[in-house]
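**Q** Protein chains in written order, with numbering that gives the first Met the number 0: chain A, 0 to 180; chain B, 0 to 182; chain C, 0 to 247; chain D, 0 to 543.
For every residue, glycine included, the Cβ atom is placed at its ideal position computed from N, Cα and C.
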Amino acid sequence: MAAPATDRRAQQDAHPSGDERFALLDKALKRARFEQDQLVELLHTAQEVFGHLSDDVLIYLARQLRLPPSRVLGVASFYHLFTFEPPGDHICTVCMGTACYVKGAEDVVRETSEAFDVPAGETTDDGRLTLWTARCVGSCGLAPVVVFDGTVLAKQTPQDLIAHVRELLAAEDAAAEEEAG
Amino acid sequence: MTSPKHAAPPLPRLATIWLGGCSGCHMSFVDLDEWLIELRRHAQIVYGPLVDRKEFPEDVDAVLVEGAVTNTDNLELAHQLRARSKVVISFGDCAVTGNVTALRNLVGEPGEMVYRVYAEHPDRDGQMPSEVIPDLLPQALPLHHVVPVDLFLPGCPPPAARIREALESLLGIDDSPHGIRFG
Amino acid sequence: MARRQRPNVPVVIDGHEVMAYPDESVLSAADREGIRIPRLCALEGTSVHGGCRLCVVEVAERHKLMPACGTTVVEDMEVRTRSRSLDEHRKLICELLLAEGNHVCAVCVSNGACELQDLAEELGVDHVRPDYQFPRRSVDASHPKYTFDPNRCVLCTRCVRTCAEVEGAHVWDLAGRASGSHLIADLGQEWGEAPSCTWCGKCVAVCPTGALAWKGKAVGEMRHDPSLVAFLSSAREQGEWVDREALR
Amino acid sequence: MAKVIDLDDVAVNEAEARSRYRWRIKVCSSTACDASGAGPAYRAVEQRVEEQGLEHDVQVVPTGCMGLCSAGPLVRTEPRGGQPTLFQEVNERVGADIVERHVKGREDLAEHQLDEGLPFFTRQERVVLSNAGRIDPERLEDYVAEGGYRALVSALRMRPRGLIETIEASGLRGRGGAGYPTAKKWGMLHDAVADEKYVVANGDEGDPGAFMDRAVMEDDPHRVLEGVTLAAYATGASKAFLYVRAEYPRAIKRLEQAIRTAKRQRLLGRNILGSDFSLDVEIRTGAGAFVCGEETALLASIEGQRGQPRMRPPYPTERGLYGRPTMINNVETLANLPDIVRRGPEWFRRMGTEVSPGTKVFALAGSLRHTGLIEVPMGLTLGEIIEEIGGGCPDGRAFKAAQTGGPSGGCVPASFRDLPVDFESLRQAGSIMGSGGLIAMDEGVSMPEVARFYMDFSQDESCGKCTPCRVGTLEMHRLLERICAGEGSHRDLELLEQLSRTVRETSLCGLGQSAPNPVASTLEHFRDEYLALLRDEPVGVAHG
C-alpha cells in the first residue's frame with residue numbers, strides 16, 4: 000500500500016542541505032497538509048525559523064506546495080511583514096499610526112535614523128540595528144510607541160529612544176571587551 | 000501683400016524657441032517649406048533660432064517652445080517667455096513630456112549623470128566638464144510643469160502638416176481640428 | 000468566440016438595443032455591436048483582471064461605476080459608455096499610466112503600434128498633468144529571443160494571465176505592491192535564467208506596449224498580436240479551430 | 000466523546016471559588032499596560048500576597064484592558080461585598096503598597112486612586128467590552144460565570160431563521176465601517192445553496208489609531224468564538240476562519256487557546272453542546288497589509304494569494320472563499336451577538352439611536368487628557384466624547400477637529416460638537432464611522448498635513464491592482480507634499496480635486512474609493528488652510 004501522497008512528497012523532496020531548520024518547516028508543511036492556500040501561514044513559519052525569507056527557502060516552499068516560484072515570491076513580497084534580508088541584532092520598530100504621528104513619531108524616526116546613520120526600513124552597516132516603521136501597533140494610548148526587540152516602549156521622545164539604544168549597544172560593547180580582555 | 004498705404008492692423012507676433020531638445024522640431028518647422036512664405040503673410044516671426052535677435056522680445060502673441068526645461072538657462076527663459084507671450088505652445092514631445100531629454104532623470108542626480116556621460120562612458124578623454132555646461136536642474140521637466148502652457152503639440156517631431164494645422168487654427172486661417180499623438 | 004447559443008439577453012448600451020449572450024460581459028456585448036469602450040487590461044481568452052479601470056461605464060440603478068470587462072449583462076440593463084465625467088476619468092487614468100512609467104514613444108519598439116499610445120490619442124491626452132514619476136528600472140535583455148523593458152510596463156497582467164492560463168507555465172507574476180508593484184519571472188531572476196519559461200512568446204504577443212518585445216526590433220518595428228490568445232483558448236475550450244485571419 | 004459541559008455547574012463552582020476570597024485584585028495585563036510596566040507590578044502584587052500569607056484571602060487576577068490606557072498600569076481591588084477601588088500608574092512599589100497598606104492596612108492610598116466617577120467611566124455603556132478588564136481572558140470559567148455561552152445554548156434551540164429574525168429585530172449593523180445590516184448579510188448566506196459555506200471573522204484591524212478588535216480578541220476571546228458560532232449556526236456555515244493581524248500575537252495566542260478549550264468542552268467542533276450542529280474554526284494570520292481588511296482581499300489572503308481585491312459582484316455571499324458562499328463579519332459585530340441573543344433585541348435597541356442601535360467601541364487617542372478604549376451608546380455627540388469622556392485637549396489647547404474612520408474617513412471640525420456620532424451623521428459630515436479610531440487634534444495641527452499623512456498611508460497600502468488607486472494616490476500624495484511645503488500652485492489644488500474624484504469613482508475596491516476622503520473632508524472644512532499655503536505662479540494672458 001502506498002503512503003499518502005503528501006508523505007511521499009515530503010520524503011522525496013526533503014531539503015538536501017540537511018539544515019535542521021528545514022525539518023521545522025517540514026513539520027509545518029505536514030500540519031498544513033501541503034495545501035496551497037496555507038502559503039501565507041507557511042511563510043510566517045519560515046520567517047520565524049530562518050529570520051528572513053531567502054531564495055532557497057522560497058524555492059523550497061514552491062516545490063513542496065507545487066506552486067510556481069513567481070507566485071510564491073509574488074505573495075511574499077506583497078505583505079509588509081515578510082523580509083528578504085537578514086535583520087540586524089536588534090530591531091527597533093517605530094509606530095507610525097495616527098495617534099503616534101500626531102504626537103511626534105516622525106521626529107522619532109528621523110532623529111533615530113540620523114543618530115545611527117540608518118535609513119528607515121534598513122539595517123546599520125555593522126548589522127547591529129534595524130530601524131523599521133509599523134502601521135499601528137495598537138497602543139495608541141501610549142503614543143508615541145516604539146517596539147524594541149519585542150518590548151513595547153511607551154511615550155518615547157527621540158532622546159529617550161536614542162539614549163536607550165546607545166546604552167544597550169554600549170553595554171554590549173563593554174561585555175564584548177571584557178570577554179576579549 | 001498688404002498695401003503700405005492702408006494702416007493695416009499689425010501682424011500677430013510669432014516666436015519659436017529651443018530649450019532642451021535636439022532641434023528636430025525646428026527642423027520639422029522648416030519642413031513647412033513654401034508654406035513658410037504663406038505664414039509670413041499672417042504673422043511676423045520675431046524671435047527664434049532662425050531670427051538674429053539676442054533677447055526674447057515683449058508682446059509676443061504666440062510662441063512655439065521646443066525642448067524640455069533642463070537647466071537654469073531654460074528655466075529663466077521659460078519664465079521670461081511666459082511673462083512676455085499671450086499663447087505658449089509646447090512644441091514637440093520634449094516640451095510636452097520631457098521625452099528623450101528627460102531620460103537623464105532615470106540616471107539619477109545631475110552630478111551622477113554628468114559623471115556617467117563624461118567620465119564613466121567617455122567618448123574621448125574622460126574629463127569632467129568644468130565650465131561649458133550650465134547648471135542642470137535636478138530633473139529635466141516638461142514645460143507645463145514649470146509654467147502654464149496653453150496648447151500642446153506632441154510628436155517627435157510633430158510632422159510639418161500638424162504644425163501647419165495648429166498654426167492655421169491659431170492664426171484663424173483654418174479652424175478644422177488638428178490631431179494629436181505622442182511619438 | 001464561437002458560441003452555439005443565440006444571444007437572448009436584451010440590454011441597452013448607449014441607447015442601442017443589443018442582444019447579448021447570457022454570462023457575456025458588457026464589454027464583449029458592446030464590441031459585437033461596434034460600440035467602442037476604451038480598455039487596456041482586458042484580453043479575450045484569459046480571465047478578467049479589471050485593474051486598468053479604463054472601461055468603467057455607468058449602469059442604471061448602480062451607484063458605482065462598473066468595469067465593462069467584469070460586468071455580466073443582466074436583462075434590460077441600461078449602460079452608458081460615454082459621458083463627460085467618464086471621459087474625464089478615462090483621460091486622467093491614461094495620464095496616470097503615462098506618468099507612472101517611462102513611456103518615451105520616440106525611442107520605443109512599439110512606437111506607432113502601441114495600445115497605450117493609441118489610447119492617449121483616442122482620449123485626447125495631449126499632455127500629462129500629474130508629475131512624471133521617472134522610476135529607475137533596468138531593462139532585462141537576458142532572454143535569447145525576447146526583451147523585457149519594465150519602463151514600458153503598465154501592469155495590465157495580460158502576460159501573467161496568458162502564461163499561467165493559456166501556456167500553463169506561470170513564469171510571470173506580480174511582486175511587491177502599491178507603486179512598487181512589478182513583474183517578475185520565476186523567483187525574480189533575469190528572464191533568461193528563468194527555468195520555467197518555454198520560450199513560447201505568447202506573453203510577447205499580448206503585451207499592449209513595448210514592454211515585452213522580440214529581440215532585434217528597432218524603434219517602431221514591433222507588432223503584437225493579442226488575438227492569438229483568443230484564438231488559442233477558443234480552440235482549446237470549444238474544440239474549434241477557426242481561421243485566424245477571419246478573426247481579425 | 001467528551002461530556003457536554005454544564006454551564007450552570009461551571010458558573011456555580013466559579014462563584015463558590017470566588018466567594019472563598021475576601022479580596023480580588025485585578026491587574027490589567029493588556030498590551031498597553033504591559034508597555035507601561037504592568038508585568039513587574041503584577042509580580043510585585045503576587046509576591047506581597049505570598050509574603051504576607053494572604054493567598055487564601057486574596058486572589059490576584061490578570062485581566063484585559065480596563066480602558067484608560069494613558070493612566071496605566073491599572074489595578075482594581077474588589078473587596079467581597081464592598082466598594083471596588085481603581086489605582087493608576089501602578090509600579091512595583093505602588094503594587095506592594097496596594098497589598099500591604101490598602102488590602103491589609105485598610106489605607107485609602109488616595110494619591111494613587113483613579114476616580115471611577117470620571118465621565119470617562121460613567122459615560123460608557125459596556126457590552127462588547129463588558130468583560131474586558133473584569134475577567135481573566137485565559138479562563139473559560141470566567142467567561143461562563145459572566146453568562147458566557149448561554150446565548151449559544153438558547154440559539155441551538157431555535158431555528159436558524161429565528162436567530163436571524165432576532166438579530167434583525169435588534170437592528171445590529173456591521174461595526175467594520177459601512178454599517179451594513181448584519182441580519183441582511185446573514186439572510187443572504189442562509190439562502191445561498193452550496194455543499195459548504197463559510198463565516199469569516201474580520202480581525203484585520205488596520206486603521207492606524209484603532210485597536211478595538213484587538214481588545215475584544217485579547218480580553219474576551221470566548222465572546223468572539225461564541226459570536227462566530229452563533230453566526231455560523233444562523234447561516235448554515237460549517238467552517239469559520241478568524242483572520243487576525245500578525246501584529247496582534249497575543250490575540251492570536253488567546254484565540255488559539257480559547258479554541259482548544261472550547262473544543263474540549265464541546266462548545267466548538269463536532270456536535271456542539273450535543274446538537275447536530277458542528278463548526279470547525281481555524282485562525283489565519285495577516286501579514287501586514289491594510290487592504291486585507293477589505294472583504295475580497297481578505298478572502299484572497301486566506302486562500303494564500305496576494306491580498307488583492309476582486310470585483311463585486313459576485314458578492315462573497317454568492318461566491319467567496321474557494322468559490323463558495325462566504326460571509327465576513329467584523330469582530331466587534333460578532334462580539335455583540337451573545338448579549339443580543341441572551342438579553343433580547345429590545346434590550347439592545349434601548350441603547351443608541353433608532354437607526355444605529357447599540358454601542359460602539361472607540362479607540363480614543365490624540366490630543367486628549369484621557370485616552371484609551373471606550374464603549375459608548377451610538378448617538379452620543381462628538382462634544383460629549385471629546386470634552387467629557389476624553390477630558391478635552393491638555394494644556395489649555397483648543398480642540399480643532401476629530402478624525403474618524405482612519406485613512407478612509409475624514410476630519411470633523413470642532414464646530415460639529417453637537418453631531419451625534421452614528422453611521423449616517425458622520426457620513427453627512429464628510430467622514431465615516433469606520434472601525435472606531437477617534438483621534439482628537441488640537442489647534443497646533445495643520446490639516447493639509449493630516450491629509451498628507453493619510454495619503455502617504457493610502458498610497459503605500461494600495462494593493463497596486465488598479466490604476467487610479469496605485470498611481471492616483473501616489474500623485475495625490477506628491478501634490479500634498481508640494482502644497483504642505485508651500486510650493487503648490489492653484490493648478491496643483493485643482494488637479495488634486497480632479498484626482499480625488501477619479502480615484503473615488505473609478506477605483507476597484509473600498510480602499511481606493513475612500514482614499515481621497517481625508518483630502519475631501521479637510522478641503523471641505525479647512526479650505527483656507529490649503530489656500531494659505533499656495534503660492535502664486537507666473538500666469539500668461541491666456542490664463543488671466
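Taking only beta-carbon positions, decide if M0(C) is within less than 9 Å of chain D.
**A** Locating residue 0(C) in the third sequence gives position 1, counting from the first residue. Low local confidence applies: a pLDDT of 47 at M0(C) is under 50, so the model's placement there is unreliable, and no value is given.
**Q** So, at 7 Å on beta carbons, what are the nonlocal neighbours of V540(D) in its own chain, with the 5 sequence-adjacent residues on each side left out?
**A** One-based indexing of the fourth sequence puts residue 540(D) at position 541. Bear in mind that a pLDDT of 39 at V540(D), under 50, signals an unreliable position, so the model cannot answer this.
**Q** Does any C-beta atom of chain C lie closer than 9 Å to the C-beta of P15(A)?
**A** As a first step, residue 15(A) is located in the first sequence; it is residue number 16 there, counting from the start. No - not a single Cβ of chain C is within 9 Å of the one on P15(A).
**Q** Would you kindly report the start and end of the unbroken alpha helix (DSSP H) that includes A401(D)?
**A** The residue given as residue 401(D) occupies position 402 in the fourth sequence. Careful: A401(D) lies outside any alpha helix (DSSP H), inside the beta strand (DSSP E) at F398 to T403.
**Q** Given a threshold of 16 other Cβ atoms within 10 Å of its Cβ, counted over all protein chains shown, does T234(D) qualify as buried or as exposed?
**A** To locate residue 234(D), count along the fourth sequence from 1; it is residue 235. Classification for T234(D): buried.
**Q** Quick one: what does DSSP say H51(A) is sitting in, helix, strand or coil?
**A** One-based indexing of the first sequence puts residue 51(A) at position 52. Note: H51(A) maps to coil in three-state DSSP.
**Q** Under 9 Å between C-beta atoms, does L115(C) make it to chain D?
**A** The sequence position of residue 115(C) within the third sequence is 116, counting from 1. Taking Cβ atoms only, chain D never reaches closer than 9 Å to L115(C), which makes this a no.
**Q** With a cut-off of 8 Å on the beta carbons, I'd call V74(D) and F86(D) a contact; round off their distance for me.
**A** The residue you call residue 74(D) lines up with position 75 of the fourth sequence. The residue you call residue 86(D) lines up with position 87 of the fourth sequence. Yes, they are in contact, since the Cβ atoms of V74(D) and F86(D) sit about 5 Å apart, within 8 Å.
**Q** Following the continuous alpha helix (DSSP H) through E120(C), name the residue where it begins and the one where it ends.
**A** Sequence index remark: in the third sequence, residue 120(C) carries index 121 (1-based). Where E120(C) is concerned, the enclosing alpha helix (DSSP H) stretches over E114 to E121.
**Q** For K85(B), I'd like the list of residues in its chain whose CB is within less than 6 Å of its CB, leaving aside the five on either flank, ordered along the chain.
**A** Translated into the one-based positions of the second sequence, residue 85(B) becomes position 86. So the list reads D60, once near-sequence residues are dropped.
**Q** Give the list of continuous alpha helix (DSSP H) stretches no shorter than 4 residues that lie fully inside the region 42–75 of chain B.
**A** Counting only runs of at least 4 residues, the region 42–75 of chain B fully encloses no alpha helix (DSSP H) element at all.
**Q** Here's a check: name, in chain order, each residue in its chain whose Cβ is nearer than 6 Å to the Cβ of P15(A), leaving out the five neighbours to either side.
**A** Against the first sequence, residue 15(A) aligns to sequence position 16. Answer for P15(A): no residue qualifies.
**Q** By DSSP, does N201(D) sit in helix, in strand, or in coil?
**A** Sequence index remark: in the fourth sequence, residue 201(D) carries index 202 (1-based). N201(D) falls in the strand class under three-state DSSP.
**Q** To the nearest angstrom, report how far apart I4(D) and L266(D) are at their CA atoms.
**A** Within the fourth sequence, numbered from 1, the residue matching residue 4(D) stands at position 5. Within the fourth sequence, numbered from 1, the residue matching residue 266(D) stands at position 267. Distance between the alpha carbons of I4(D) and L266(D): 8 Å.
**Q** Would you mind working out which of Y247(D), K184(D), R396(D) and E167(D) sits nearest D203(D), comparing C-alpha positions?
**A** As a position in the fourth sequence, residue 203(D) is number 204, starting the count at 1. Cα-wise, what sits closest to D203(D) is Y247(D).
**Q** For I36(C), which of S82(C), P6(C), V8(C) and K214(C) has the nearest alpha-carbon?
**A** The sequence position of residue 36(C) within the third sequence is 37, counting from 1. Nearest of S82(C), P6(C), V8(C) and K214(C) to I36(C), Cα basis: S82(C).
**Q** Please go through the region 187–230 of chain C and give each complete alpha helix (DSSP H) segment of 4 or more residues, from N-terminal end onward.
**A** 201–205
**Q** Please list the partners that E120(C) has in chain B, where partner means a Cβ-to-Cβ separation under 9 Å.
**A** On the third sequence, residue 120(C) is found 121 positions in, with the first residue counted as 1. Ordered by position in chain B, the residues that pass the 9 Å Cβ test against E120(C) are G178, I179, R180 and F181.
**Q** Check the Cβ of H181(C) against every Cβ in chain B and list those closer than 9 Å, keeping chain order.
**A** Translated into the one-based positions of the third sequence, residue 181(C) becomes position 182. None at all; the shortest Cβ gap to chain B is about 15 Å.
**Q** State the beta-bridge partners of I438(D) as determined by DSSP.
**A** Locating residue 438(D) in the fourth sequence gives position 439, counting from the first residue. Bridge partners of I438(D): A364(D) and Q402(D).
**Q** Going by beta carbon distance, what residues of the same chain come within less than 8 Å of T5(A), once the five residues before and after it are set aside?
**A** Within the first sequence, residue 5(A) is the residue found at index 6, counting from 1. Bear in mind that a pLDDT of 45 at T5(A), under 50, signals an unreliable position, so the number given afterwards is only what the model happens to contain. For T5(A), where only same-chain residues beyond five positions count, the Cβ hits under 8 Å are K29, R32 and F33.
**Q** Counting only Cβ-Cβ distances shorter than 8 Å, please list the residues of the region 415–446 of chain D near chain A, keeping chain order.
**A** G436, I438, M440 and V444
**Q** Count the other CB atoms within 10 Å of the CB of K2(D); is the residue buried (16 or more) or exposed (fewer)?
**A** For the purposes of this step, residue 2(D) is identified with residue 3 of the fourth sequence, where counting begins at 1. So K2(D) ends up on the exposed side.
**Q** For V29(B), count neighbouring Cβ atoms within 10 angstroms of its own Cβ and tell me buried if that reaches 16, exposed if not.
**A** Residue mapping note: residue 29(B) aligns to position 30 of the second sequence, counting from 1. So V29(B) ends up on the exposed side.
**Q** Taking 6 Å as the limit between beta carbons, can you name the residues of its chain near L10(B), skipping five residues before and five after?
**A** Translated into positions along the second sequence, residue 10(B) becomes position 11. Within the same chain, L10(B) has close Cβ partners A42 and Q43.
**Q** Assign Q155(A) to buried or exposed, taking buried as 16 or more other Cβ atoms, counted over all protein chains shown, within 10 Å of its Cβ.
**A** As a first step, residue 155(A) must be located in the first sequence, where it is residue number 156. Q155(A) should be labelled buried.
**Q** Listing by chain order, which chain A residues have their CB less than 7 Å from the CB of G187(C)?
**A** Indexing the third sequence from 1 puts residue 187(C) at position 188. Simply L72.
**Q** Give me the subset of the region 81–108 of chain C whose CB atoms are less than 8 Å from a CB atom of chain D, sorted by chain position.
**A** S84, E87, H88, L91, I92, L95, L96, A98 and E99
**Q** Do you know offhand how far P517(D)'s Cα is from S430(D)'s?
**A** For the purposes of this step, residue 517(D) is taken as residue 518 along the fourth sequence, with counting starting at 1. For the purposes of this step, residue 430(D) is taken as residue 431 along the fourth sequence, with counting starting at 1. The straight-line gap from Cα to Cα measures roughly 8 Å.
**Q** Whole angstroms is fine: what's the gap from L437(D)'s alpha carbon to C113(C)'s?
**A** Residue numbering aside, residue 437(D) sits at position 438 when the fourth sequence is read from its first letter. Residue numbering aside, residue 113(C) sits at position 114 when the third sequence is read from its first letter. One C-alpha to the other measures close to 48 Å.
**Q** Return the first residue and the last residue of the beta strand (DSSP E) that A139(B) is part of.
**A** Sequence index remark: in the second sequence, residue 139(B) carries index 140 (1-based). First-last of the beta strand (DSSP E) with A139(B): L135 to L140.
**Q** Chain A partners of A229(C), CB-CB under 7 Å?
**A** Counted from its first residue, the third sequence places residue 229(C) at position 230. Those within 7 Å of A229(C) in chain A number zero; the least Cβ separation is about 24 Å.
**Q** Grouping DSSP H, G and I as helix and E and B as strand, with all else coil, what is G409(D)?
**A** By 1-based counting over the fourth sequence, the position of residue 409(D) is 410. In the three-state scheme derived from DSSP, where H, G and I count as helix and E and B as strand, G409(D) is classed as strand.
**Q** Could you confirm whether any beta carbon from chain A is found closer than 9 Å to the beta carbon of Q307(D)?
**A** Walking along the fourth sequence from the start, residue 307(D) turns up at place 308. It does: the Cβ of Q307(D) has a partner Cβ on chain A nearer than 9 Å.
**Q** Among residues of its own chain, excluding the 5 on either side of A174(C), which ones have a beta-carbon nearer than 7 Å to its beta-carbon?
**A** Indexing the third sequence from 1 puts residue 174(C) at position 175. Answer for A174(C): H181, I183 and G187, listed in chain order.
**Q** Are the beta-carbon atoms of G147(D) and P337(D) separated by less than 9 Å?
**A** If you number the fourth sequence from 1, residue 147(D) lands on position 148. If you number the fourth sequence from 1, residue 337(D) lands on position 338. A contact, by the Cβ cut-off of 9 Å.
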